[in-house]
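As you go down the protein sequences, you meet chains A and B in turn.
FYI, in this note's numbering the residues of the first sequence are 1 to 502.
FYI, in this note's numbering the residues of the second sequence are 1001 to 1449.
Okay, so here's the structure we're looking at.
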Amino acid sequence: MVLNIRAVIFTLGILVLFLGVALLLPMLVALFYGEPEWWAFGVTALGSIALGLLSWFRRDEKRSELQIREGFAIVAFAWVVLSIVGAFPFILGGVLESYTDAFFETMSAFSTTGATIFGGGGNPDIEEIPKAFLFWRSLAHWLGGMGIIVLTLAILPLLGVGGMQLYKAEVPGPSADKLTPRIQETAKRLWLIYVGITVAEIFLLMPAMGPFDAVNHAFATMATGGFSTKNGSIGQFGSAYIEWVITVFMFLAGVNFALHFRLLRGKTITVFRDTELRVYVGIMAVATLLITFGTWSPVLAYLPSFQGDAVFEGYASISEALRYGAFQAAAIITTTGFGTADYEIWPPMVIGVIFLCFFIGGMAGSTGGGVKVIRHVLMFKNSFKEVKQLIHPQAVIPIRLGDRVVSQDVMKNVLSFIVLYLGLIGVGTLVMAFFGLDLLTAFGATVSSVGNVGPAFGTLGPTENYAHIPMAGKWVLSFLMMAGRLEIFTVIIIFVPAFWRR
Amino acid sequence: MRAIVIGAGVVGYDVAKLLSHAEHDVVVVDVNQDALARVNDKLDVMTVCGNGTSTAVLEEAGIQDARIIVAVTAIDEVNIIACMLADRLGVETTIARVRSEELSRKQTVLKPSDFGIDLIIHPEESTAAEVTRLIRRASATDVLMLADERLHLVGLRLDPDSPAIGRTLIDLVSDTPNIKFRVMAIARGIRTILPGGRERLRKNDQIFVLARPKDIPAVMEILGKSDQKLEDIMILGGTDIGARVALQLSQEKDKRVKLVESNRARAEELAEELSSVLVIHGEGTDIDLLVREGLSEMDAFVAVTDDEESNLVTCLLAKHLRVRKTVALLSNGAYIPISQSIGLDAAVNKKLAVSREVIRFLRGKHVKSVANVHGLDAEILEIEAAPMSAITKDILMNIDLPEGLLIAAVMKGDDLEIATGLTQITPGARAYIFVLPDTLEIAEQLFAN
Chain A
1 MVLNIRAVIF TLGILVLFLG VALLLPMLVA LFYGEPEWWA FGVTALGSIA
51 LGLLSWFRRD EKRSELQIRE GFAIVAFAWV VLSIVGAFPF ILGGVLESYT
101 DAFFETMSAF STTGATIFGG GGNPDIEEIP KAFLFWRSLA HWLGGMGIIV
151 LTLAILPLLG VGGMQLYKAE VPGPSADKLT PRIQETAKRL WLIYVGITVA
201 EIFLLMPAMG PFDAVNHAFA TMATGGFSTK NGSIGQFGSA YIEWVITVFM
251 FLAGVNFALH FRLLRGKTIT VFRDTELRVY VGIMAVATLL ITFGTWSPVL
301 AYLPSFQGDA VFEGYASISE ALRYGAFQAA AIITTTGFGT ADYEIWPPMV
351 IGVIFLCFFI GGMAGSTGGG VKVIRHVLMF KNSFKEVKQL IHPQAVIPIR
401 LGDRVVSQDV MKNVLSFIVL YLGLIGVGTL VMAFFGLDLL TAFGATVSSV
451 GNVGPAFGTL GPTENYAHIP MAGKWVLSFL MMAGRLEIFT VIIIFVPAFW
501 RR
Chain B
1001 MRAIVIGAGV VGYDVAKLLS HAEHDVVVVD VNQDALARVN DKLDVMTVCG
1051 NGTSTAVLEE AGIQDARIIV AVTAIDEVNI IACMLADRLG VETTIARVRS
1101 EELSRKQTVL KPSDFGIDLI IHPEESTAAE VTRLIRRASA TDVLMLADER
1151 LHLVGLRLDP DSPAIGRTLI DLVSDTPNIK FRVMAIARGI RTILPGGRER
1201 LRKNDQIFVL ARPKDIPAVM EILGKSDQKL EDIMILGGTD IGARVALQLS
1251 QEKDKRVKLV ESNRARAEEL AEELSSVLVI HGEGTDIDLL VREGLSEMDA
1301 FVAVTDDEES NLVTCLLAKH LRVRKTVALL SNGAYIPISQ SIGLDAAVNK
1351 KLAVSREVIR FLRGKHVKSV ANVHGLDAEI LEIEAAPMSA ITKDILMNID
1401 LPEGLLIAAV MKGDDLEIAT GLTQITPGAR AYIFVLPDTL EIAEQLFAN
């Protein structure tokens, strides 16, 4: 069976229509603040809506159901198309000159990476650009976080049975589970929870930073994105309250939303017995502790390796160290990528911890990027099983997760994912080095993009930006961001010739 | 509304599909992960892997909110226990597939209600009954009972030399005023037509005629079909269905039944059980054996082995040897659409029996019973006319009925009348109606208050 291109184009049309409607929101923001660039959003919105309606009226009446292939194609192309369209306002509004930069910024937003090209290379500073554009970046984060396709599923019933294929291709994690019998209901519940937690965060942030910043940062937090409305990210507010609120919500955004759903239904015990959650909390706690002690000046003095041009003297009080440590651990592990401090000047041991955090990611079914905790858990269990197997060659050792046995298929999927993930990082690093970046920067940029984190190392630290990356490099990184958000398989599959054959 | 289906086999899949398309929130439970994966890929349902007899599994499937449970695994005990649990947990309707005769007998120690089972379905039993009916009506492709067997719906394919071809339905009926019958549906190509009086019959139409049992031979004659008796019958496959068909047919006089079974032990067992049936031990694929046993002299050939391909092929072979009537069990259903066009006389299917029961539940309240016929899109409902409902306002001729709705017969108390334009439906009367799926809602409204 060959790919049903009509069905793919029809569904893409619907998604573009959706994007058009979403673009009306930043237009309203621009009108509200009296910014002259409102028309840039208006024109793009109008164009998208027209395009969407066109495909709606040209739809095939005998619309056949979406099969697995169409599911992958739709999701992969949807993210490309949405970023292409979503980038237009930046150019039309005159905020950015290069389309490459606009595309990079949009893909970074949708994929919840949060790597920005603003503030360098002739591009304006974040605080210089009109509010509507800041809002659009945050909104794109937020839509991309839970998944724009999942949102469409929640609102439009017409994707029908094929919806499961789309859902599987977009929702992160080795196996996508439904919360309710119907895919539309599942998508609705997920979005309701998402909206609910976001609103809660907005209310908590509002008194400290005002409505506009509260909405933007809530969007960026819940999507584990990382775009801020300030040049200095969250650190610029200098408020412990804001940092703690955001730390907690970053943590929540990195939790599987199916667990939020169960918690709301009062199934507390099953939630707290969840292996992945326990490991996630454990990793978070250990990383926080290590960073806290590594940056606390009394301890810092005894760290042996810390010599050279030390500009960092450590935090005097433990509570201050904990505040920065917890924030940084949560920001990197959940792949949000907000910054309150420049971790590049921290002691090497702490940088090492942060470096490892880049590879963790949130839980499956969360808005976080990265490898995902569940895959680490399964991979380690598998490795221990192999060790055990060496001692008892004849033993039959199932891999358990809670009281369930994980099937071989899932294990294979996880292992291939890890191989592809590392492979992508290897190739990406090589390509970025080819463009002339130093090895640390090339490696950091790749890891950060595939993991949807944002800040990296070298010349891409938390206080720097991506403006100086060569043009071709920005396209490569954009691709990596998308591959990371869609968990590689969905993206790689469209490059496999067999996918296009009968 | 939540519905739980235990068992993701062929029947379970079908039931889940049916319920899901009827806007139910379906959860399918099975122990087999692969079977669930198939369901998950094709249907918008949730799946739970586990044993249906475990409360924890049922709770995971959301039994608290479920209103119907359909237990159709291959194991009787699992189905019974699942329904018992569901009943205790407050599920309104419990349907279990039970193969054992024990519960279905009239005089039995344990009644289904003792287990909290509202309805026992027995796919093998209903399939066997259908096969038997098909053999009794030699020319029919389908035979269905309505109104407590007081009306028969007979499906038949018009022969090219049938005198009825080219005539309108009004003509046919007015020619023979003494015989009351009505053509309810025509399956023409892939289309199902609920015909008006001016519809002309065409070559190769498969038509569904409603009549009283005593009138059926006469109706057959009008339509150019002989309703000759089938006397020599060969059954291939000593399965549950095969044995039942053999038993039922061999109890009739004039019928000589041969049963071919490939398993020696099973064959001996059957020979013991069925005294007036000639049981032959041999492979169904052994054509020589079938021919030696006189396949070409048979009036009817029934293939009900577990292997649907060999059922299909041996039936075609029998047809080639000029056996008058062939019936094949096509368990998967995938071959049913082509069975008529490649020359098979009739196909039976276990799934349909179950689906009928489930649809009956779905229609609920004032809809009493339903049937559907394979190859026919229309559903057949027994529906009660509510007081003040639109349908009772006038005689049928003067009521504006939608295209996809035909009223077949009306039952007023114990009076049964085949509907005509002059029929007046009174409140409380039960009508047998044929509806196309897209007209179903309009039809229900017409009968509702």
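For every residue, glycine included, the Cβ atom is placed at its ideal position computed from N, Cα and C.
Host beta strand (DSSP E) of residue i (start-end)
i, result
"H1024(B)", "Looking at the DSSP string, H1024(B) is not in any beta strand (DSSP E), and its letter there is neither H nor E."
"I1235(B)", "1232-1236"
"Y241(A)", "Premise fails: Y241(A) lies in the alpha helix (DSSP H), 240-253, not in any beta strand (DSSP E)."
"V1348(B)", "1346-1348"
"R1002(B)", "1002-1006"
"V1327(B)", "1325-1329"
"F1301(B)", "1300-1303"
Closest Cα partner of residue i within the set the options
i, options, result
"G278(A)", "N256(A), G484(A), T112(A)", "Correcting the residue type first, residue 278(A) is Arg in the shown sequence and not Gly. The shortest Cα separation from R278(A) among N256(A), G484(A), T112(A) belongs to N256(A)."
"T463(A)", "F110(A), G120(A), S108(A), T100(A)", "G120(A)"
"T1392(B)", "A1378(B), Y1432(B), Q1424(B), G1404(B)", "Q1424(B)"
"D1030(B)", "E1269(B), L1043(B), T1053(B), N1398(B)", "T1053(B)"
"F359(A)", "V410(A), M284(A), E320(A), G314(A)", "M284(A)"
"H511(A)", "R189(A), G238(A), I246(A), Y194(A)", "Because chain A is modelled from 1 through 502, residue 511(A) falls outside the range shown and cannot be assessed."
"M206(A)", "G225(A), P124(A), F237(A)", "F237(A)"
"G1282(B)", "E1293(B), M1220(B), R1097(B), D1171(B)", "E1293(B)"
"S98(A)", "A87(A), D438(A), F272(A)", "A87(A)"
"A1314(B)", "A1334(B), G1197(B), D1414(B), D1286(B)", "According to the sequence displayed, residue 1314(B) carries Thr and not Ala. Among A1334(B), G1197(B), D1414(B), D1286(B), the Cα nearest to that of T1314(B) belongs to D1286(B)."
"T100(A)", "I318(A), I126(A), Y466(A)", "Y466(A)"
"T11(A)", "V43(A), I68(A), I74(A)", "I74(A)"
"V81(A)", "L19(A), I183(A), R58(A), I91(A)", "L19(A)"
Start-to-end residues for the alpha helix (DSSP H) that takes in residue i
i, result
"F1447(B)", "1440-1447"
"D1142(B)", "No alpha helix (DSSP H) holds D1142(B); the beta strand (DSSP E) holding it covers 1142-1146."
"L139(A)", "131-146"
"K388(A)", "373-391"
"I74(A)", "68-86"
"L1249(B)", "1240-1250"
"I14(A)", "5-32"
Contact with chain B by residue i, beta-carbon distance below 9 Å
i, result
"K131(A)", "no"
"T180(A)", "yes"
"E170(A)", "no"
"M164(A)", "yes"
"S239(A)", "no"
"E70(A)", "no"
"E97(A)", "no"
"I193(A)", "no"
"I155(A)", "no"
"I418(A)", "no"
"E128(A)", "no"
Per DSSP, the bridge partner or partners of residue i
i, result
"V1206(B)", "One detail in the question is off: residue 1206(B) reads as Gln in this sequence, not Val. For Q1206(B), which the question treats as bridged, DSSP gives the partners R1157(B), A1187(B)."
"L401(A)", "R404(A)"
"V1277(B)", "V1257(B)"
"M1411(B)", "L1416(B), R1430(B)"
"Q1424(B)", "I1395(B)"
"W296(A)", "Y315(A)"
"L1405(B)", "V1435(B)"
"I492(A)", "None; I492(A) has no bridge partner."
Short CB-CB distance (under 9 Å) between residue i and chain A
i, result
"N1051(B)", "no"
"Q1064(B)", "no"
"V1279(B)", "no"
"S1054(B)", "no"
"D1014(B)", "no"
"R1038(B)", "no"
"V1358(B)", "no"
"D1025(B)", "yes"
Proximity test, Cβ basis, 9 Å: residue i and chain C
i, result
"I9(A)", "In the displayed structure, chain C is absent; the protein chains listed are A and B."
Worksheet item: At which residue ranges does the stretch 1046-1076 of chain B contain complete alpha helix (DSSP H) runs of 4 or more residues, listed in the order of the chain?
Response: Those alpha helix (DSSP H) runs which fall completely within the stretch 1046-1076 of chain B and span 4+ residues are 1055-1060.
Worksheet item: Hey, which unbroken runs of the beta strand (DSSP E) at 3 residues or more fall wholly within the stretch 1098-1140 of chain B?
Response: Within the stretch 1098-1140 of chain B, the complete beta strand (DSSP E) runs of at least 3 residues are 1119-1121.
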